[in-house]
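Notes follow once the structure below has been shown.
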Amino acid sequence: MKPIDEIKPAVTICDKSGNIVYMNNASMAVNGGNIVGQNIITGGCHPEHALRKLRKLMEEHETNVYTIQKGNVRKLIYQTPWYENGEFAGMVEFSLPVPEDMPHYVRNL
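Our numbering applies: residue 23 is where the sequence shown begins, and numbers increase by one.
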């Protein structure tokens, strides 16, 4: 078991072809089970507008950050490339629950 397996944020990792290669427990709970091996592009789990965005992120090795709300749960979604030996290896998605009363600080160094 890896320490990341049991953290609260959902972590999903795919390779450069879009095949899911890792999911932690939170990711499996959100996605209805273990779908390691499924392709995020061809697997049918994303609507067309999301697929266009994912393809662009993967082609251009970009980061995408946004917030969503499902029911009463707000989340920060952070999608970013990962690299192996300096070469693009795929994408990582972090899905972090955001509390309604989360403080925000402005720090001046």
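Note that beta-carbon positions come from the ideal geometry of N, C-alpha and C, so glycine has one too.
{"query": "For a test of the three-state rule: what should DSSP assign to Asp27, helix, strand or coil?", "result": "helix"}
{"query": "Hey, would you say Leu79 sits closer than 8 Å to Met50, going by beta carbons?", "result": "no"}
{"query": "Using the DSSP secondary-structure output, state which residues sit across from Ala32 in a beta bridge.", "result": "Ser117"}
{"query": "Classify Ala72: buried if its beta carbon has 16 or more other beta carbons within 10 angstroms, exposed otherwise.", "result": "exposed"}
{"query": "Suppose you measure from the CA of Thr34 to the CA of Glu81; what does that come to, to the nearest Å?", "result": "18 Å"}
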